[in-house]
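Peer 1:
Number of protein chains: 2
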Amino acid sequence: MKILVTSGGTSEAIDRVRSITNHSTGRLGKVITETLLKAGHQVCLVTTKQALKPAPHSNLSIIEIKNTSDLLQEMQRIVPDYQVLIHSMAVSDYSPVYMTGLDQVQASQDLSEFLHKKNMETKISSKDEVQVLFLKKNPKIISLVKEWNPSIHLIGFKLLVDVTKEDLIQIARESLEKNQADLIVANDLTQINVDQHLAYLVEEKDYQIAASKQEIADLLVERIQGFDC
Amino acid sequence: MKILVTSGGTSEAIDRVRSITNHSTGRLGKVITETLLKAGHQVCLVTTKQALKPAPHSNLSIIEIKNTSDLLQEMQRIVPDYQVLIHSMAVSDYSPVYMTGLDQVQASQDLSEFLHKKNMETKISSKDEVQVLFLKKNPKIISLVKEWNPSIHLIGFKLLVDVTKEDLIQIARESLEKNQADLIVANDLTQINVDQHLAYLVEEKDYQIAASKQEIADLLVERIQGFDC
Numbered sequence: 001m002k003i004l005v006t007s008g009g010t011s012e013a014i015d016r017v018r019s020i021t022n023h024s025t026g027r028l029g030k031v032i033t034e035t036l037l038k039a040g041h042q043v044c045l046v047t048t049k050q051a052l053k054p055a056p057h058s059n060l061s062i063i064e065i066k067n068t069s070d071l072l073q074e075m076q077r078i079v080p081d082y083q084v085l086i087h088s089m090a091v092s093d094y095s096p097v098y099m100t101g102l103d104q105v106q107a108s109q110d111l112s113e114f115l116h117k118k119n120m121e122t123k124i125s126s127k128d129e130v131q132v133l134f135l136k137k138n139p140k141i142i143s144l145v146k147e148w149n150p151s152i153h154l155i156g157f158k159l160l161v162d163v164t165k166e167d168l169i170q171i172a173r174e175s176l177e178k179n180q181a182d183l184i185v186a187n188d189l190t191q192i193n194v195d196q197h198l199a200y201l202v203e204e205k206d207y208q209i210a211a212s213k214q215e216i217a218d219l220l221v222e223r224i225q226g227f228d229c
Numbered sequence: 001m002k003i004l005v006t007s008g009g010t011s012e013a014i015d016r017v018r019s020i021t022n023h024s025t026g027r028l029g030k031v032i033t034e035t036l037l038k039a040g041h042q043v044c045l046v047t048t049k050q051a052l053k054p055a056p057h058s059n060l061s062i063i064e065i066k067n068t069s070d071l072l073q074e075m076q077r078i079v080p081d082y083q084v085l086i087h088s089m090a091v092s093d094y095s096p097v098y099m100t101g102l103d104q105v106q107a108s109q110d111l112s113e114f115l116h117k118k119n120m121e122t123k124i125s126s127k128d129e130v131q132v133l134f135l136k137k138n139p140k141i142i143s144l145v146k147e148w149n150p151s152i153h154l155i156g157f158k159l160l161v162d163v164t165k166e167d168l169i170q171i172a173r174e175s176l177e178k179n180q181a182d183l184i185v186a187n188d189l190t191q192i193n194v195d196q197h198l199a200y201l202v203e204e205k206d207y208q209i210a211a212s213k214q215e216i217a218d219l220l221v222e223r224i225q226g227f228d229c
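So the sequences go chain by chain: E and F.
Letter 124 of the first sequence, counting from 1, is numbered 124 in full-length UniProt numbering, and no numbers are missing.
Letter 27 of the second sequence, counting from 1, is numbered 27 in full-length UniProt numbering, and no numbers are missing.
1. With a threshold of 7 angstroms on Cβ separation, who are the neighbours of ALA172/F within its own chain once the five nearest residues in sequence on each side are excluded?
2. How close, in whole Å, do the beta carbons of MET99/F and ILE14/F come, if the pair is a contact with beta carbons under 8 angstroms?
3. By how many angstroms is the C-alpha of VAL221/F removed from the C-alpha of ALA39/F?
4. When you compare the region 84 to 104 of chain F with the region 212 to 227 of chain E, are there three or more beta-carbon pairs, one atom per stretch, that lie closer than 8 angstroms?
5. Alpha carbon to alpha carbon, what distance is there between PRO80/F and GLN106/F?
6. Closest to HIS23/F by CA distance: which of ASN67/F, THR35/F, ALA211/F and ASP195/F is it?
7. Is there a Cβ from chain F that is less than 8 angstroms from the Cβ of GLU129/E?
8. By Cβ distance, which residues of its chain are closer than 7 angstroms to GLU64/F, with the 5 residues on each side in sequence left out?
9. Distance cutoff 8 angstroms, beta carbons only. Does ILE141/E sit that close to anything in chain F?
10. Name the chain E residues whose beta carbon is nearer than 7 angstroms to that of LEU102/F?
11. At 9 angstroms on the CB atoms, spell out the chain E contacts of LEU115/F, in chain order.
12. Going by beta carbon distance, what residues of the same chain come within less than 6 angstroms of THR33/F, once the five residues before and after it are set aside?
13. Helix, strand or coil: how does DSSP classify HIS116/F here?
14. Can you list, in chain order, the residues of its chain with a C-beta nearer than 8 angstroms to that of SER212/E? Leave out the 5 residues immediately preceding and following it.
15. Let me confirm a value: GLU12/F is counted as buried when at least 16 other C-beta atoms fall within 10 Å, else exposed. Which label applies?
16. Using DSSP with H/G/I as helix, E/B as strand and the rest coil, what is GLU166/E?
17. With a threshold of 8 angstroms between beta-carbons, can ARG27/E be considered close to chain F, or not?
18. Buried or exposed: GLY9/E, going by 16 or more other Cβ atoms within 10 Å of its Cβ?
19. Flag this pair as yes or no: are the beta carbons of ASP162/E and THR122/F separated by less than 8 angstroms?
20. Quick one: does ARG18/F have its CB under 8 angstroms from some CB of chain E?
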């Protein structure tokens, strides 16, 4: 099967020397890609420069992106060519719009004016004691996938921090429905470390539990075999 | 000589999944450290997990830090033990204090109230269309070095973006004076790439030009031999 995998975390520039980065080593996407390749699938991995990557393989192509805007553009272009998308990338929810000193913000009558401004300086001055950064919500790429390719099988990820198992599964089910996904891998940052990676593979009526990155990858490969492509 | 080198870029957490990171590969600090070791110096490198690092060496110790607060604590502890500090790390000027939706900020009478708030959630919700992040200026570590060790020789760095040579040297001289440094390495991001790294080694009355990371390192080692320690 032709499978698209995303991994790593996007970075959104504040200026030429600073970015807001979503943490992600890319390790899970690497294990998933390697497991898919072993099972004979053809994989395109969309990832970042910093992310861990699988060894070169004749059935693997890699595309590097940096920010949400790059990702949106690439995904729109390539999603139609694939049968399955495993979207494990940590995508930035917000992008910086404008940064300025607190005094300027205090003096404003209507803060929305700052949403139409742009920092013209290449490195924002560090003179103010307090700075204020305005951020705008990014388009949710996962919600656009089915528009670009209605027949693609979509596997999404939901990372939360320190919530109950019930909440995790509930939120995964909401994401499942909203994004018309086949499956959502729900995980909690407090239950991820080098050795373990607890995850719930949540479908509409059922879920499976994985205890490590390899187990997540194995269950996904198994599930994908069942897809009708 | 006992020489302390800093390299890489600090990261300041917004929440458990996002940080503001100052870009720096650590490549220059690596070359400087290797060149110092070759010249027979004893080096402690303070750097980050992501930064490029020199190969292990019997005269090299490495300390990893993450954010400005870690760096401040470590530097205060170890600066007194060294004769020279080469401070090439890209240190965050600001740290996140509080992030909230635009509506809440609009509704506030006094924006300084947000400087005393803390995000209690581990992952800030992504419901608002626009978010506002308040950031507070970090202590300038370079300005504290001489308080911690008045006899240390201090070599600082100044990275600017797309300025004239005159401005670069002028701003380096201001930093030289303000921080009681022996030398400031001034460089411009637009003149740095994999192959070249134009830099001015600025002292009170004079400056030297380097065209690559190795040349910067060689000139620094040469200059250090002349220090009276």
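Quick reminder that beta carbons are idealized off the backbone N, C-alpha and C, glycines included.
Peer 2: In terms of the structure at hand:
1. Looking up residue 172/F in the second sequence gives position 172. Contacts found: LYS158, ILE184, ALA186, TYR200 and VAL202.
2. Along the second sequence, one-based indexing puts residue 99/F at 99. Along the second sequence, one-based indexing puts residue 14/F at 14. Correct: roughly 6 angstroms between the Cβ atoms.
3. Locating residue 39/F in the second sequence gives position 39, counting from the first residue. Locating residue 221/F in the second sequence gives position 221, counting from the first residue. Separation of ALA39/F and VAL221/F (C-alpha to C-alpha, rounded to the nearest whole angstrom) is 8 angstroms.
4. These segments do not touch.
5. Counted from its first residue, the second sequence places residue 106/F at position 106. Counted from its first residue, the second sequence places residue 80/F at position 80. Linking GLN106/F to PRO80/F through their CA atoms gives a straight-line distance of about 47 angstroms.
6. In the second sequence, the residue the question calls residue 23/F occupies position 23. Looking at the Cα atoms, ASN67/F is the closest of the given residues.
7. The sequence position of residue 129/E within the first sequence is 129, counting from 1. Yes, contact with chain F.
8. Looking up residue 64/F in the second sequence gives position 64. Excluding residues within five positions, the ones whose Cβ falls inside 7 angstroms are THR47, THR48 and LYS49.
9. If you number the first sequence from 1, residue 141/E lands on position 141. Chain F, which has no Cβ nearer than 8 angstroms to the Cβ of ILE141/E, makes this no.
10. Locating residue 102/F in the second sequence gives position 102, where the first residue counts as 1. For the C-beta of LEU102/F, the chain E residues within less than 7 angstroms are, from N- to C-terminus, LEU111.
11. Position 115 of the second sequence, counting from 1, holds the residue named residue 115/F. Those are LEU102 and VAL130, listed as they occur along chain E.
12. As a first step, residue 33/F must be located in the second sequence, where it is residue number 33. VAL5, VAL43, LEU45 and PRO54, listed in sequence order.
13. To locate residue 116/F, count along the second sequence from 1; it is residue 116. When DSSP states are grouped into helix, strand and coil, HIS116/F belongs to the helix group.
14. As a working note, residue 212/E is residue 212 in the first sequence. ASP195, GLN196 and HIS197.
15. Residue mapping note: residue 12/F aligns to position 12 of the second sequence, counting from 1. Burial call: buried.
16. Taking the first residue of the first sequence as 1, we reach residue 166/E at position 166. Assignment of GLU166/E by DSSP, reduced to helix, strand and coil, places it in the helix class.
17. Mapped onto the first sequence, residue 27/E falls at position 27. Chain F places no beta carbon closer than 8 angstroms to that of ARG27/E, leaving this residue out of the contacts.
18. Along the first sequence, read from residue 1 onward, the residue named residue 9/E stands at position 9. With 16 or more other Cβ atoms within 10 Å, it is buried.
19. The residue labelled residue 162/E in the question sits at position 162 within the first sequence. The residue labelled residue 122/F in the question sits at position 122 within the second sequence. Going by C-beta atoms, ASP162/E is nearer than 8 angstroms to THR122/F.
20. To locate residue 18/F, count along the second sequence from 1; it is residue 18. Closer than 8 angstroms: yes.
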